[in-house]
Every structure is written in structure tokens, then in C-alpha cells.
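Participant: Structure incoming, see below.
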């Protein structure tokens, strides 16, 4: 039996980093004035990082027999974590901002630290899914540019399958790498009608060719050949046989020149003579997830919650999942943001007076909890209790939305309390926002609602809050 003393080994090597006796390499990272120089040992780094081994071999020794490396695209903060991992095989992420951890992941990939790449992906998906969702377009695009982030890619694809407009309506959609787009349209459970997938693929292809005329009637055969060449790897993944005959005529026929003659004949044969045999490969219809519907919303302008959370809140408002239709488009208009408009409850009354159907979202200082409430009533610049049967409060569990807490009003006559003279906006006695939200004056308690949304009933201060007006976009 072999006894392994890894802890002592890790500690001794980390001490060598902190007191670099006989170092033979300096690595300068970052840009001035926040650059930093690390004194390190080539044998340790070469054995741990193929990237650094290559850099060492390419660099000559100076007159002091020390190799001087400079890596300006890595911050000192990130490299400090990396170098401690390289020497000691240990890493602590608790005190790091999620954006730094994501940068750390990218740097780990650049330095060929495969073990750390896998660990950081798992850590982000498990512990920081809220940040990944809030920065979804950037995270998704980066995961495919880097190529090696399979865990992040799977996380993103699962969200896209359930909430496709998260990416298709994103400003970053048209700049997606080809392999990222293909990975999306290959998803068997992508919750989007096939003709709309076709529309987005055509849109993506047109953007890649800015010289194509805007008016399709002005296109020549060369224009169609250009688009066909751009989309040659995407078009085979469209499930043409799941598109109705009417939509084939309306959406596919104008792009007839993109199709091989045999495939176009088989598409038409399938609908004109369903019992006739065809030779083209028929991809199976996409799987419909009964519990998820791709509600189309105007992307929410929030610094606290991601689009996926908005869909969850909508399902609570309507007490069911809402099926998608073209007219079922929900708009979230930002009315108040603490960091922009101030943190006094009085500001809410001034800006939101006589506004109904609002959602307030609060990020608790220190804990990062996301709590809030839905108020169907007009916000009233008076002092009174108001009656509602539909108001509720909630706690969003960002790691797993299924664990979120929804607490509906039970005492209808005392659902919402307004007091502008001693500024307070209360959902019964269950969510109470008082005075200056930056002070520890707000709290969650019991009364008038089904259950508590915080296990901690102590007063809290607010890191950020937002109020949105919800409306059906006609």
C-alpha cells in the first residue's frame, strides 16, 4: 500500500512560489499600471503546462540566466490563482467574482490546464448558473470559440432548447460561429416551430453576406449560390418534412434555388402524395416538452434576472405555462432601478404612481438572494391597505429554478400596503420594503401570504432592485 502525502507536498511547493529560491524565469502579466511580475521555476511550470513549456523553449536566457516572459492578455489577479494551482494543486474560488472565474476558465484553456478547465466549468454550472444566464450570449459564443467547453455548451444548449428566443432574439445571434448554430438546430428538443428555425438560419446566412440585395426579387442565380454555399452545413439539419405545405409554399419556395432537385421533389411528394416512397433522409419531428413553452418576450433589460427567470415569473402570474402564439408577446418595461434612480421607496411612489401589473425584483446585500413580488394593482401614492387575490411574493433559487419559493396572498383584503409619508411598500407582512433600501430597514416575515420566502427574518439591505411593468405586446 502506498501512502500519499499530497497536502505536505502542496504546501511545500506553494512556499517555494512565495519564496522563489533559485528561480530562473520571470513572467510579467497584465498591462501597466496593474501589471505584475512573478518569479517562477521552469521545471515546475513546464511539467504542468504545455503552453508554458512551449513559451520557455522559444525564449532565450538573459545575461543573468533568467528567461523573461510577458503575457499581457492575462490579468495579474487571474494569473495569481493559476500559478498557485500550478505549484500547489489547490484553488479557492469563494471570494472571486464570477466574471473573474469565467476569465480564469478561459486562461486555463489557453495554458492547456485541462484538469482545471473541467473543474471550473462544473463549478460555474453548479454554483453560478445565474451569472451564466445573465451573460448568456457572451458565455455561449465564448464556449464555441474556445471549442473545449463541453460542460458549458451542454448547459447552454439545455437552456436554448427550452427557451430558444434567449439566443435567436439576441443581438449576438447573427455573429454566432457556424458550429454553434449547427449545434442548436440539431437539438431534438428545440422548442421552436420548424419554419421559424428556417427563418433564423436564412437570416444568419444573409448577414454573413452583406452584398446580397435586401429585395429577394433582385436576386440573381449567383446570389442564391452565395447563400447556398454559406449555409451548406446548416441546411441538412432543417426538418423540412415537419413543415406544413402552406408554409413550404410561403417560406421555402422563394429560396427554391437553395435546394437540390431531388430533395425539393421529395418535400413536395411528401405532402402531395404522402404514401409515395421518397429517397431523401427524413429527420424525426422535434420532441415537444409539455412542461415548457417558448413564450416570446422582449428581452428583459435587467441587471438581476435572466430571461429564463422571467418565463418562470410569467408562469406564476398566469398560474400555468402560457403557450406561444405570434400575438402572445410579453413586454417588460423597466420603470425603476435602484442604481439608476435611487434606493428610497419614495422614488417608487413618484415614478410608478397609478401603474399596475408590476414586478419588483430585489437582490439582497451580502447573500445574493433574489426575492420580489408581483402586484396587479395600481401603485398608489397614499396610505392604505389594498385588496388583491392575485398578488404573490417569491424567492428565485438561481441554482435550480424548481426549488424557487412562490407565496400567494391568503388575506385578500390586506394584500398590499402603501405608505408614502413613511415610505413603505409592503406585501402584507411577508415582504416589507421600507425607507432607504440601502439601510437594513426591510424584512421578510409572516402574515397575509402562504409562507415565508426567506429563512432569515432579520432586516436586510438591498444591493440592487428593479421594477418592471408587464404588458402584452400587441
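Numbering (my numbering), first residue to last: 64 to 537.
Even for Gly, the Cβ is constructed at its ideal location relative to N, Cα and C.
Are there 16 or more other CB atoms within 10 angstroms of the CB of residue 196, so buried, or fewer, so exposed?
Facilitator: Result: buried.
Participant: Do you know offhand how far residue 206's Cα is from residue 517's?
Facilitator: About 35 Å.
Participant: Going by DSSP, name the residue or residues bridged to residue 497.
Facilitator: DSSP, once it has assigned bridges, lists 487 as partnering residue 497.
Participant: In the DSSP assignment, what are the bridge partners of residue 133?
Facilitator: Partner(s): 91.
Participant: Return the chain-ordered ranges of every alpha helix (DSSP H) run that is complete within the segment 174-198 and spans a minimum of 4 residues.
Facilitator: Correct list: 177-190, 192-197.
Participant: Below 8 Å on the Cβ atoms is my guess for residue 529 versus residue 418; work out the distance and round it to an integer in Å.
Facilitator: The Cβ separation is near 14 Å, so there is no contact.
Participant: Can you tell me where the beta strand (DSSP E) holding residue 471 begins and where it ends?
Facilitator: Segment 468-471, the beta strand (DSSP E) holding residue 471.
Participant: Mapping DSSP to helix, strand and coil, what is residue 387?
Facilitator: Caution is warranted here: a pLDDT of 40 is assigned to residue 387, below 50, making its placement in the model unreliable, and no coordinate value can be reported.
Participant: For residue 123, does the count of other Cβ atoms within 10 angstroms reach 16, so buried, or fall short, so exposed?
Facilitator: That one is exposed.
Participant: By how many angstroms is the C-alpha of residue 469 removed from the C-alpha of residue 269?
Facilitator: The straight-line gap from Cα to Cα measures roughly 44 Å.
Participant: Taking just the CA atoms, how far does residue 73 sit from residue 108?
Facilitator: Between residue 108 and residue 73, the C-alpha separation is close to 14 Å.
Participant: Count the other CB atoms within 10 Å of the CB of residue 452; is the residue buried (16 or more) or exposed (fewer)?
Facilitator: Burial call: exposed.
Participant: With a cut-off of 8 Å, do at least 3 Cβ pairs link the segment 295-312 to the segment 256-266?
Facilitator: Touching, yes.
Participant: Exposed or buried, which one is residue 340 when buried takes at least 16 other CB atoms within 10 Å?
Facilitator: Residue 340 comes out exposed.
Participant: Going by DSSP, which residues form a beta bridge with residue 101?
Facilitator: 90, per the DSSP bridge assignment.
Participant: Can you check which of these residues, 125, 455, 213, is closest to residue 421 by C-alpha distance?
Facilitator: With distances taken between Cα atoms, residue 421 lies closest to 455.
Participant: Whether or not the segment 113-131 and the segment 185-195 are in contact is what I'm after, with contact meaning three or more pairs of Cβ atoms, one per stretch, closer than 8 Å; do they touch?
Facilitator: Flag = no, the segment 185-195 and the segment 113-131 do not touch.
Participant: Give the single residue among 193, 200, 210, 264 whose Cα lies nearest to the Cα of residue 180.
Facilitator: For residue 180, the nearest C-alpha among the options comes from 210.
Participant: By how many angstroms is the C-alpha of residue 225 removed from the C-alpha of residue 357?
Facilitator: For residue 357, the pLDDT reaches just 49, beneath the cut-off of 50, and the residue's location in the model is therefore unreliable, although a value from the coordinates is still provided. Residue 357 and residue 225: Cα-Cα distance of roughly 6 Å.
Participant: Closest to residue 510 by CA distance: which of 479, 324, 484, 444 is it?
Facilitator: Measuring from the Cα of residue 510, the nearest candidate turns out to be 479.
Participant: Among 397, 125, 443, 406, which one has its Cα closest to the Cα of residue 532?
Facilitator: Ranking 397, 125, 443, 406 by Cα distance to residue 532 puts 397 first.
Participant: Enumerate in chain order the residues of its own chain whose CB-to-CB distance from residue 94 is below 6 Å, with the five nearest sequence positions on each side excluded.
Facilitator: 135.
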